[in-house]
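Visitor: Handing you this structure, nothing more for now.
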Amino acid sequence: MASWWNLLLGLFGLLIVFLLSFSANNVMTTVIRSITAFIIFFFSGYVFRWMIAYIRKDQTEPPLMLNEEELQSLTKELTEDEAKKIADYIRHITNHPNDGKNQ
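Numbering (my numbering), first residue to last: 53 to 155.
Structure, rendered in structure tokens:
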């Protein structure tokens, strides 16, 4: 479906250039310019569609979610004081207030 847009855009460019060029140039020059316009418009469609898709793309990344086993394997070597410091640091960088619970 997406390449139909490129084909229609290319045909539109071909038709416009052909109609505007036909009265001022001979047939061979008009055909060459029309084909060139078709190619330019056709590939421009890809560029414009890519730009629109890039702009509309969600820029946020999903948060990293760890299950209980992965979390325990990462924190099993930490002392309680180190775990508290890390928890405080994570709260600080994510701007979450301390909820009063000990980690």
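We put the beta carbon where it would ideally sit given N, CA and C, even for glycine.
(1) Could you pull the start and end residues of the alpha helix (DSSP H) that residue 131 belongs to?
(2) Determine, using beta-carbon pairs with one atom in the segment 90-108 and one in the segment 122-141, whether at least three such pairs fall under 8 Å.
(3) Quick one: grab the DSSP three-state call for residue 117.
(4) Excluding sequence positions up to five away, which residues of its chain have a Cβ less than 6 Å from the Cβ of residue 94?
(5) Answer yes or no: do residue 66 and residue 86 have a C-beta to C-beta separation smaller than 8 Å?
Guide: For this structure:
(1) Unbroken run through residue 131: none, as it is neither H nor E.
(2) no
(3) coil
(4) 58 and 62
(5) yes
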